[in-house]
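Here the working numbering is used: the first residue of the sequence shown is 734, the next is one more, and so on.
Structure, as C-alpha cells:
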Amino acid sequence: MARIIDGKILAEKIRKEITSDTNLLRLRGITPGLAVVLVGEDPASKVYVSMKEKACHDVGIFSDEYKLSTETSEAELLTLISRLNADSKINGILVQLPLPKHIDSDKVLESILPEKDVDGFHPYNAGRLVVGKPLFQPCTPYGVMKMLQYEGVRLAGKEVVVIGRSNIVGKPVAAMCLQQNATVTICHSQTKDLEAKVRMADVVIAAVGQPEMIKGDWIKDGAIVIDVGVNRVGEKKLVGDVEYVAASIHAAAITPVPGGVGPMTITMLLYNTVESAKRTSH
Ligand code: NDP
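Here is the structure:
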C-alpha cells in the first residue's frame, strides 16, 4: 500500500518555520503585511478569505482586509489596488477570485505590482516562472513541489504526467517540474488516450476537477500520485480526481483528499508574503 503524503503535517512544519521567520523580522521592527480583497458575497470565497486571515494571524502576518460590496466598480477596485501597491506596510496583495462579472479579472490581476503579487498570477510572474527565474510561484503548484521535495522525489529524468492545464495549477506545475529536469507531458480535455499517458508516469499530478476520473489501475507500480482535485460528492463528501483506494494499491506514495494538497496552498501564500517582506527589508 502507498505511503500517505500528509499535507497537514507538512503544512504545519512549514508554518512553524514561517513563524520563526516572522519572529526574527519583528525583532527588526518588520511585520509582513498581506492585503486580502474580497468583492461580493460568494460563500466559498468568504470561507477562503477567513481561512487566509486566520492563517496570517497564526504565523504573525498582519492581514489587512477589504470586504467590498458586489456593486463595487472596476475603477474603484483598481484605485484600491493602486493605493495598496504604494503602501509600504503591505508586502502582498491577494484579490480573491472569482470577481463579479462586470469586473475584468485579468485587468485587476495585472494592476497588482509584480513585487506584491504573492499569488503569482501576474503575467510577469508567470513569464519569470517559464524562463526559470521565478519571483513568486503560484501557491498550489508551489505546495505540490514542496510535497515532492519533502517525499525525497528527485524529478530529474522522471516521466511526469500533469492532467489539467489551467493557469493556476496545471501550466505552472508543469513548468516547475520541467525546471527540475523532468520529462513533462501535459494532458487536457482534448488529449487522446489519457489512460496510456497516465500508465507511463513516474509522477502523476492531477488537477482536473472531475471526481475520481483517473482510475486506480492506470497508476504504474511505484508511481507518486499528487491529487490536486477537490470535488464535492453528495452533501458532505470530498474526493479527488484520482480513485484513491485503487490507486493506493499501485502507488508508492499518494496525497489524500482532503488533507493533501489543500493545506499546502494557504501555507505557500504565507511563505510568499514573508519572502516578499524579507526582500523589501534588505
Ligand atoms: P480548471 O477547471 O481551470 O482546469 C481543469 C483542467 O482539466 C483543464 O485544463 C481541462 O482541460 C482539464 N480537463 C477537464 N476535463 C478533462 C478530461 N476529461 N480529461 C483531461 N483533462 C480534462 O481547474 P483548476 O486547475 O482551477 O482546478 C483543478 C482542480 O483542482 C479542481 O478540482 C479544483 O477545485 C482543484 N484545486 C485545488 C486547490 C487546492 O488548494 N487543493 C487549488 C486550486 C484548484 P481544457 O483546458 O482542455 O479545458
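Beta carbons: idealized from backbone N, C-alpha and C, even for Gly.
Just so we're clear, the structure is a prediction, and the values are computed from it rather than from any experiment.
Kindly list the residues whose CB is nearer than 6 angstroms to the CB of residue i, restricted to its own chain and excluding five residues on each side of it in sequence; keep chain order.
i	result
Arg898	Lys904, Ile919 and His921
Gly955	Ala985
Thr1006	Pro765, Leu767, Ile794, Asn824, Gly825 and Val851
Tyr875	Met1001
Ala915	Leu888, Lys891 and Val893
Lys822	Gly766
Cys910	Leu888, Val893 and Val917
Three-state secondary structure (DSSP) at residue i?
i	result
Leu846	coil
Leu832	coil
Lys930	helix
Gly992	coil
Gly949	helix
Ile738	coil
Ile823	coil
Pro944	coil
Val851	coil
Asp837	coil
Lys749	helix
Arg759	helix
Asp754	helix
If you follow the beta strand (DSSP E) that residue i is part of, which residue opens it and which one closes it?
i	result
Ile919	Thr916 to Cys920
Ala939	Val936 to Ala939
In terms of residues, what are the limits of the alpha helix (DSSP H) holding residue i?
i	result
Lys958	Reading off the sequence, residue 958 comes out as Val, not Lys. Counting along the chain, Val958 falls outside any alpha helix (DSSP H), though it belongs to the beta strand (DSSP E) covering Ile957 to Asp960.
Val1007	Gly995 to Ser1014
Ala908	Gly903 to Gln912
Tell me whether residue i counts as near the ligand NDP, meaning its Cβ is closer than 7 angstroms to at least one heavy atom of that ligand.
i	result
Met933	no
Gly897	yes
Leu927	yes
Asn1005	no
Cys920	yes
Gln870	no
Cys901	Inspection of the sequence shows that residue 901 is occupied by Ile rather than by Cys. Yes, the beta carbon of Ile901 sits closer than 7 angstroms to at least one heavy atom of the ligand NDP.
Thr873	yes
Gln923	yes
Val782	no
Gly942	yes
Gly773	no
Met1001	no
Val917	no
Gly995	yes
Val966	no
Gly962	yes
Met880	no
Take residue i and list the residues in its own chain whose beta-carbon comes closer than 8 angstroms to its own, dropping the five residues that flank it on each side.
i	result
Tyr977	Glu945, Gly949, Asp960, Ile987, Pro989 and Val990
Val841	Glu807, Leu810, Leu811, Ile814, Val828 and Leu832
Ser1009	Pro765, Asn824, Gly825, Glu848, Lys849, Val851 and Phe869
Asp754	Val1007 and Lys1011
Note down, in chain order, each residue of its chain lying with its Cβ closer than 7 angstroms to the Cβ of residue i, except the 5 sequence neighbours on either side.
i	result
Ile751	Val792, Leu1003, Tyr1004 and Val1007
For the stretch 763 to 811, list the beta strand (DSSP E) runs that are entirely contained and at least 3 residues long, ordered along the chain.
The stretch 763 to 811 contains these whole beta strand (DSSP E) runs: 766 to 772 and 795 to 801.
Uninterrupted alpha helix (DSSP H) stretches inside the stretch 858 to 899 (no shorter than 4 residues):
With a minimum length of 4 residues, the continuous alpha helix (DSSP H) runs that stay inside the stretch 858 to 899 are 872 to 883.
Taking only runs of the alpha helix (DSSP H) that begin and end inside the stretch 957 to 990, which ones reach a length of at least 4 residues, in chain order?
The DSSP assignment places 977 to 983 as complete runs of the alpha helix (DSSP H) inside the stretch 957 to 990, in order along the chain (cut-off: 4 residues).
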